[in-house]
Amino acid sequence: SSILDRLEEAGLGHYSDAFSGMAESTFRGLLMQDYGKFGVTAMEDKQKLFRLIKRLNSAAGSADRRVPEAPAARPPPACSDKAPPFHTNPVGMQQETCYGTSPDLLNNRDNFFDGNAGLLDLNAHDGDLLSPCETTSHHEPPPRGPAVQEDEADFLGPPSSQPQYNAQALEALENTNPPKIRVVVRKRPLNKKEIDRADEDIVNVMGPTALQVNETKVKVDLTKYVEKHMFSFDDALDEFVSNDDVYRCTVQPLVGTLFRGGKATCFAYGQTGSGKTYTMSPLPIRAGTELISALRLPKHSECQLWVSNFEIYGGKVFDLLNTRKKLDIREDGKKQVCIVGLKEHFVEEPAEIQQLIEHGAGARSTGSTGANEDSSRSHSIVQFAVKGPGKTGKLRLVGKLSFIDLAGSERGADTYDNDKQTRLEGAEINKSLLALKECIRALDLDKTHVPFRGSKLTEVLRDSFVGKEARTVMIANISPNSTSVEHTLNTLRYADRVKELRKDKQERAAGGVTPGNMGYGRQAAGASTNSRPSSAAQQRPQNQAPLPPVPETGKQVGGSGPRGVVVDTRQQQAANPSREDVPEEDCLLFQREELISSIMQEEDDLIAAHRQQIEETMELVRKEMNLLSEVDQPGSRIDSYVSSLAAILSQKAESTARLQQQLSSFVRKLKEEESMQGR
Numbered sequence: 001s002s003i004l005d006r007l008e009e010a011g012l013g014h015y016s017d018a019f020s021g022m023a024e025s026t027f028r029g030l031l032m033q034d035y036g037k038f039g040v041t042a043m044e045d046k047q048k049l050f051r052l053i054k055r056l057n058s059a060a061g062s063a064d065r066r067v068p069e070a071p072a073a074r075p076p077p078a079c080s081d082k083a084p085p086f087h088t089n090p091v092g093m094q095q096e097t098c099y100g101t102s103p104d105l106l107n108n109r110d111n112f113f114d115g116n117a118g119l120l121d122l123n124a125h126d127g128d129l130l131s132p133c134e135t136t137s138h139h140e141p142p143p144r145g146p147a148v149q150e151d152e153a154d155f156l157g158p159p160s161s162q163p164q165y166n167a168q169a170l171e172a173l174e175n176t177n178p179p180k181i182r183v184v185v186r187k188r189p190l191n192k193k194e195i196d197r198a199d200e201d202i203v204n205v206m207g208p209t210a211l212q213v214n215e216t217k218v219k220v221d222l223t224k225y226v227e228k229h230m231f232s233f234d235d236a237l238d239e240f241v242s243n244d245d246v247y248r249c250t251v252q253p254l255v256g257t258l259f260r261g262g263k264a265t266c267f268a269y270g271q272t273g274s275g276k277t278y279t280m281s282p283l284p285i286r287a288g289t290e291l292i293s294a295l296r297l298p299k300h301s302e303c304q305l306w307v308s309n310f311e312i313y314g315g316k317v318f319d320l321l322n323t324r325k326k327l328d329i330r331e332d333g334k335k336q337v338c339i340v341g342l343k344e345h346f347v348e349e350p351a352e353i354q355q356l357i358e359h360g361a362g363a364r365s366t367g368s369t370g371a372n373e374d375s376s377r378s379h380s381i382v383q384f385a386v387k388g389p390g391k392t393g394k395l396r397l398v399g400k401l402s403f404i405d406l407a408g409s410e411r412g413a414d415t416y417d418n419d420k421q422t423r424l425e426g427a428e429i430n431k432s433l434l435a436l437k438e439c440i441r442a443l444d445l446d447k448t449h450v451p452f453r454g455s456k457l458t459e460v461l462r463d464s465f466v467g468k469e470a471r472t473v474m475i476a477n478i479s480p481n482s483t484s485v486e487h488t489l490n491t492l493r494y495a496d497r498v499k500e501l502r503k504d505k506q507e508r509a510a511g512g513v514t515p516g517n518m519g520y521g522r523q524a525a526g527a528s529t530n531s532r533p534s535s536a537a538q539q540r541p542q543n544q545a546p547l548p549p550v551p552e553t554g555k556q557v558g559g560s561g562p563r564g565v566v567v568d569t570r571q572q573q574a575a576n577p578s579r580e581d582v583p584e585e586d587c588l589l590f591q592r593e594e595l596i597s598s599i600m601q602e603e604d605d606l607i608a609a610h611r612q613q614i615e616e617t618m619e620l621v622r623k624e625m626n627l628l629s630e631v632d633q634p635g636s637r638i639d640s641y642v643s644s645l646a647a648i649l650s651q652k653a654e655s656t657a658r659l660q661q662q663l664s665s666f667v668r669k670l671k672e673e674e675s676m677q678g679r
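Here you go:
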């Protein structure tokens, strides 16, 4: 049949038996989640099948347009009910990406998965980037399911037309010049478990840039009082802000920098369960959709988009899109860091990006800790590389955008019931987070030396921290429940220290934000966020006045730490360390991390030595078998057998002694780390 012939042409002939007897209309209507039912599980084969179905639907659509139609009135194809543009989506669709879900939304939830419901949250309310009733002629399959929902299947509709981004808006986006560093804080709502145990919401978003943490403390006389901590960042997002607004505020301004040779990085930081993965999941898909639309502009027609996804776990790098293959980090002659063996995938459609990201998310390392039963124990990095033709005919890198879903940060107090492996994982995670902070500081101060060798994470992202076009956005995710107040304050202080050494610190307004960059994310995107049902939706004034003082329980403290923290004088050093205290604190932390690095290195050496010892032992066993075979022969000399056996046993003893020595050294380091943990 024609389907089997098409499969042969696409290099999928080995799946002919699975599709034999299938009608062409049924074949063209297959969804991506159906591929596995026919045995198509390999990533490359899925992409081939997807592109084949896309071509068949494109050809069928062209044939339908050539058929003469009756003069009866027809709706315009671009505004067909079967493929409504973004701006015709129901209003509730945007709320699917919000943390707070309304009852009306839950009642109408089934409508979101209807085949004619249009696009969901990932592209909702993008009408400002689209001309009315306009679609592409490429028949792209739109993403149909909310990628941020981890407990639901993502639905991909059959290939159909998808609205394209307005070329003028894309041109304007490329001309934006975002600041080198932006720090955004996002608060999640209380979950059901926290509500059941009567946890209080201690975080109040006071405005577009400020938030307040109300920490309950107990005095010596056992009377309780509330200590109020005020923080100010570039943007403060409450629990009602959708992922769509987060994208406009953080990532969208970075997209245009890729075509100017930019290396942009967006990462989420926070404790386990604070919403990092929820926040980061839809951002790469949205950015990939805009990049694909930009690549269809005539001036970018020769460029291509390549996607890769890898994780850093325990100081090792694994390719999540290539059966978790272990990768090596090397430095070439041009001092460029290369990940040897990393597989990049060429993509042409947003649905392909979604498929790759979902595949990588399923292969990521997770584990149980004292703070979270399903904690991400690795840093997951999704990279978009825009490549164009080079002088030698090979593709050259034009720009790169990296999305980092960092492993959950934890305090040492949360690891009391963890095993040694989990503690080592946590120490390695904290070491890389500290190194990342130092690199961002050096980037924003235009320092000549960026300490990217501090961890594997910063080493891999070296080119994201150098160059005039390097840009970084940090999203600090915080939990509002009262039992996580220490985590929340640690996250906010980390974020505050990331921005505290900015060159323009002295020029900031009273709100602690650079005046020229106020509201940058919303202004650059050209989108209004009036739909946000919170104070964060208000347009930021050009000159923001200081916030009114809060009732004091002690003495208000200034300094370079969080602004306006109200604490007792005796608590000042603990609650808000001065800049002079920071190097000493970091020095102590680095001292512990050096021990962890030494343990990690000795672990690799011990495993390598064990493998070598096994190979040597197998070789000696073969020699022993040959020796026994010879001694069984008539006329063999027993003295030769004895001397040979003695030499073999001596080699085995020497090899075992070397391995035992390495093992003893490694055990001593583990005991040293355990004693430090006890202190």
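Using UniProt numbering, the first residue of the sequence shown is number 1, and each one after it goes up by one. From the three backbone atoms N, C-alpha and C, an ideal C-beta is built for every residue, glycine too.
About 6 Å separates the beta carbon of Ser365 from that of Glu311, a gap short enough to meet the 8 Å contact definition. Residue pairing by DSSP places Gly275 opposite no residue, since no beta bridge is assigned to it. Of the other Cβ atoms in all chains shown, 16 or more fall within 10 Å of the Cβ of Phe384; this residue is therefore buried. For Pro451, the closest of Ala647, Glu349 and Glu438 by C-alpha to C-alpha distance is Glu438. A direct Cα-Cα distance of roughly 29 Å separates Leu320 from His300. Boundaries of the beta strand (DSSP E) around Ser308: Gln304 to Tyr313. Using a Cβ distance threshold of 8 Å, Val473 and Val184 count as a contacting pair. One alpha carbon belongs to Ala60, the other to Asn177, and they sit about 43 Å apart.
Taking a cut-off of 8 Å on C-beta distances, the region 249-267 does not touch the region 194-205, as fewer than three cross pairs fall below it.
Between Val337 and Glu459 a beta carbon distance of about 6 Å is seen, short of the 8 Å cut, so the two are scored as contacting. The Cβ atoms of Tyr15 and Phe38 lie closer than 8 Å to each other. In the structure shown, the three-state DSSP call for Asn175 is coil. Contact between Lys263 and Gly399 holds, with the beta-carbon distance rounding to 7 Å and staying under 8 Å. Taking Phe666 as reference, the option from Asp496, Leu190, Ser597 and Ile648 with the minimal CA-CA separation is Ser597. Distance check between Val205 and each of Asp639, Ser479, Ser2 and Ala609 places Ser479 closest, using alpha-carbon atoms only. Residue state for Gln613 is assigned as helix, using DSSP reduced to three classes. Contact between Val213 and Thr488 holds, with the beta-carbon distance rounding to 6 Å and staying under 8 Å.
Secondary structure at Leu30: coil, using DSSP grouped into helix, strand and coil. When rounded, the separation of the alpha-carbon atoms in Arg658 and Asn322 is 36 Å.
With contacts defined by Cβ atoms closer than 8 Å, Thr209 and Arg471 do not form a contacting pair.
Annotation: the continuous beta strand (DSSP E) that includes Glu227 extends over Lys224 to Ser232. Looking only at Ala268, Ala442 and Leu457, the smallest Cα-Cα distance to Lys468 is reached by Ala442. Restricting attention to Val347, Ser242 and Gly314, the CA atom closest to the CA of Met280 is found in Ser242.
Taken atom to atom, the span from the alpha-carbon of Glu302 to that of Gly393 is near 12 Å. When secondary structure is reduced to three states using DSSP, Ala435 falls in the helix class. Assigned with DSSP and collapsed to three states, Pro389 falls in strand. The three-state reading of DSSP puts Arg471 in strand, counting E and B together. The beta carbons of Lys187 and Val203 sit closer together than 8 Å. In this structure, DSSP gives Asp319 an extended state, which the three-state scheme calls strand. Glu215 and Val226 do touch by the CB rule: their CB atoms are close to 7 Å apart, below 8 Å. Only exposed fits Ser640, as fewer than 16 other CB atoms lie within 10 angstroms of its CB. Three or more Cβ pairs closer than 8 Å define a contact, and the region 51-58 meets that threshold against the region 19-28. DSSP places Thr448 in the coil class of the three-state scheme, outside both helix and strand.
Shortest Cα-Cα distance from Pro179 to any of Asp5, Asp446, Leu222 and Ile357 involves Asp446. In this structure, the beta-carbon distance from Leu492 to Ala476 falls below 8 Å. The residues Lys387, Gly388, Pro389 and Gly390, in chain order, have a CB closer than 8 Å to that of Arg396 in the same chain once the five nearest residues on each side in sequence are set aside.
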